[in-house]
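Participant: The structure that follows is given in the form of structure tokens.
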DNA sequence: AAGCCGGGGCC
DNA sequence: GGCCCAGGCTT
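In this note's numbering, the protein residues as written are 63 to 418.
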């Protein structure tokens, strides 16, 4: 029995029933694939349900504001996915009459769609015989074929792409592609792969040689760096505060946060002068300065360790009477939950301003 | 070719 | 604490 036959037999019995597997609608498939980039099914599933429900068609998504899309995306991370999702929805809605391209090459020209996602949509929705290559596929193939080339090296990416395309069952690209990824996710797992009852025992190089725990090989990632974020949480007599949308490069682009003083080292309570410099708030209006958390709140990202403090600043009179320097927006504290914010900020809001 | 970009789950 | 995840974009 060949590779595909064994794989599909396994898939028939073991696959999960997932909602995006019940459709050939390229919009729904695209939506699911963007959500699932670098994201496990368990984490992405509730977001998929929210998005399909709120945006049944690509036109609905195109007509929404970017702020609303980011708010629905909040907590899922890699927020460029949400911005690109919205951009591409508008492009497809307005320039392509709502119809997604039906082939790999054209799909790849859309923002946010790379090799993997183009192959997924082309094969799932249009049965184009192009192999998907994701982390699951790389792991399965590195073990099955005994490939030590690092999966994240330039050479490795090319090699796994070539091998994957050779193994692809061109008569059934949609099911085959889903099957090999499902096999990687459920059976040929990174740790404790289920080799003792595997349909590939007889031809898997790794199992035959007992090297499954050495594969795949991956180049080391860069070290986690520390950053110190000191947030200024202003409040006036009317229950207002000020926030700002993060712009330009860097993390959390497009999300809102409180006025931020980033420091090279752990920060003491900022002085009135520093608060004035960061926000434009006149010194005379600063009533009281207090720190919320004595110990820094630690927020871990894959490549950053953010140590943050939140500083409470009470203001004389009303914030709405003042002119702020750059692009701060006045917001009722009770309305903060309507904004798209990083999980770090969301956690703070929920703990300090619980719903009455 | 290497860095950057989140957050949750697992060991 | 390190690694993984239905990756893609930027430099």
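Quick reminder that beta carbons are idealized off the backbone N, C-alpha and C, glycines included.
Please report the distance separating the alpha-carbon of residue 146 from that of residue 161.
Facilitator: Residue numbering aside, residue 146 sits at position 84 when the first chain is read from its first letter. Residue numbering aside, residue 161 sits at position 99 when the first chain is read from its first letter. Taking the straight line joining both Cα atoms gives about 17 Å.
Participant: Using the beta-carbon count (16 or more within 10 Å), is residue 111 buried or exposed?
Facilitator: Position 49 of the first chain holds residue 111. With fewer than 16 Cβ atoms within 10 Å of its Cβ, residue 111 is classed as exposed.
Participant: Where residue 257 and residue 99 are concerned, what is the direct C-alpha to C-alpha distance, given to the nearest angstrom?
Facilitator: For the purposes of this step, residue 257 is taken as residue 195 along the first chain, with counting starting at 1. For the purposes of this step, residue 99 is taken as residue 37 along the first chain, with counting starting at 1. Going from the Cα of residue 257 to the Cα of residue 99 covers about 27 Å.
Participant: Within a Cβ cutoff of 6 Å, which residues of the same chain sit near residue 231, ignoring the five residues on either side of it in sequence?
Facilitator: Numbered from 1 along the first chain, position 169 holds the residue referred to as residue 231. These residues qualify, in order along the chain: 66 and 238.
Participant: For residue 233, which three-state DSSP category applies?
Facilitator: For the purposes of this step, residue 233 is taken as the residue at position 171 of the first chain. Here residue 233 sits in coil by DSSP.
Participant: What span of residues does the alpha helix (DSSP H) with residue 149 cover, start to end?
Facilitator: For this step, residue 149 is matched to residue 87 along the first chain. 142 to 157 is the span of the alpha helix (DSSP H), which, as asked, contains residue 149.
Participant: Between which two residues does the beta strand (DSSP E) holding residue 41 run?
Facilitator: An answer regarding residue 41 cannot be provided, because it is not within the stretch 63 to 418 covered by the chain.
Participant: If you draw a straight line from the C-alpha of residue 328 to the C-alpha of residue 372, how long is it?
Facilitator: One-based indexing of the first chain puts residue 328 at position 266. One-based indexing of the first chain puts residue 372 at position 310. Cα-Cα distance, rounded: 12 Å.
Participant: Counting pairs of beta carbons, one from the segment 75 to 85 and one from the segment 117 to 127, are three or more of them closer than 8 Å?
Facilitator: Cβ pair count under 8 Å is below three, so no.
Participant: At the level of alpha carbons, what is the spacing between residue 315 and residue 105?
Facilitator: Against the first chain, residue 315 aligns to sequence position 253. Against the first chain, residue 105 aligns to sequence position 43. About 21 Å.
Participant: Would you mind reading off the limits of the beta strand (DSSP E) that contains residue 417?
Facilitator: The count along the first chain starts at 1 and reaches residue 417 at position 355. Counting along the chain, residue 417 falls outside any beta strand (DSSP E), and DSSP gives it neither H nor E.
Participant: In three-state terms, what does DSSP make of residue 215?
Facilitator: Locating residue 215 in the first chain gives position 153, where the first residue counts as 1. Looking at residue 215 - three-state DSSP - the assignment turns out to be coil, as it is neither helix nor strand.
Participant: Are residue 294 and residue 337 close, meaning C-beta to C-beta below 8 Å?
Facilitator: Walking along the first chain from the start, residue 294 turns up at place 232. Walking along the first chain from the start, residue 337 turns up at place 275. Against a cut-off of 8 Å, the Cβ pair of residue 337 and residue 294 comes out as a contact.
Participant: Given a cut-off of 8 Å, decide if residue 322 and residue 404 are closer than it, judged by their beta-carbon atoms.
Facilitator: Locating residue 404 in the first chain gives position 342, counting from the first residue. Locating residue 322 in the first chain gives position 260, counting from the first residue. Going by C-beta atoms, residue 404 is not nearer than 8 Å to residue 322.
Participant: Pull up the distance between the alpha-carbon of residue 245 and that of residue 408, whole angstroms please.
Facilitator: As a working mapping, residue 245 is identified with position 183 in the first chain. As a working mapping, residue 408 is identified with position 346 in the first chain. Each residue's Cα considered, the two are about 36 Å apart.
Participant: What would DSSP say about residue 393, mapped onto helix, strand or coil?
Facilitator: Mapped onto the first chain, residue 393 falls at position 331. Of the three classes helix, strand and coil, the one that applies to residue 393 here is strand, per DSSP.
Participant: For residue 121 and residue 354, I'd like the C-alpha separation in whole angstroms.
Facilitator: Here residue 121 is taken as the residue at index 59 of the first chain, counted from 1. Here residue 354 is taken as the residue at index 292 of the first chain, counted from 1. Whole-angstrom Cα-Cα distance: 44 Å.
Participant: I'd like the span of the beta strand (DSSP E) that includes residue 361, first residue to last.
Facilitator: Working through the first chain from its first residue, we reach residue 361 at position 299. Residues 359 to 362.
Participant: Can you grab the Cα-Cα spacing for the pair residue 222 / residue 155, in whole Å?
Facilitator: Within the first chain, residue 222 is the residue found at index 160, counting from 1. Within the first chain, residue 155 is the residue found at index 93, counting from 1. Near 34 Å, if we compare the C-alpha coordinates of residue 155 and residue 222.
Participant: What's the gap between the Cα of residue 87 and the Cα of residue 173?
Facilitator: In the first chain, the residue the question calls residue 87 occupies position 25. In the first chain, the residue the question calls residue 173 occupies position 111. Roughly 19 Å separates the two Cα atoms.
Participant: For residue 169, I'd like the list of residues in its chain whose CB is within less than 8 Å of its CB, leaving aside the five on either flank, ordered along the chain.
Facilitator: To locate residue 169, count along the first chain from 1; it is residue 107. So the qualifying residues of the chain are 162, 163, 175, 179, 180, 183 and 184.
Participant: Quick one: Cα of residue 389 to Cα of residue 152, how far?
Facilitator: Indexing the first chain from 1 puts residue 389 at position 327. Indexing the first chain from 1 puts residue 152 at position 90. Roughly 26 Å separates the two Cα atoms.
Participant: Looking at the structure shown, is residue 295 part of a helix, part of a strand, or coil, going by DSSP?
Facilitator: Translated into the one-based positions of the first chain, residue 295 becomes position 233. Residue state, collapsed to three classes: strand.
Participant: How many angstroms separate the CA atom of residue 199 from the CA atom of residue 213?
Facilitator: As a first step, residue 199 is located in the first chain; it is residue number 137 there, counting from the start. As a first step, residue 213 is located in the first chain; it is residue number 151 there, counting from the start. Answer to the nearest angstrom: the Cα atoms are 10 Å apart.
Participant: Along the alpha helix (DSSP H) that carries residue 74, what are the first and last residues, could you check?
Facilitator: Residue mapping note: residue 74 aligns to position 12 of the first chain, counting from 1. Counting along the chain, the alpha helix (DSSP H) containing residue 74 begins and ends at 65 to 76.
Participant: Here's the rule I'm using: 16 or more other beta-carbon atoms within 10 Å means buried, otherwise exposed. How should residue 102 be labelled?
Facilitator: For the purposes of this step, residue 102 is taken as residue 40 along the first chain, with counting starting at 1. Residue 102 comes out exposed.
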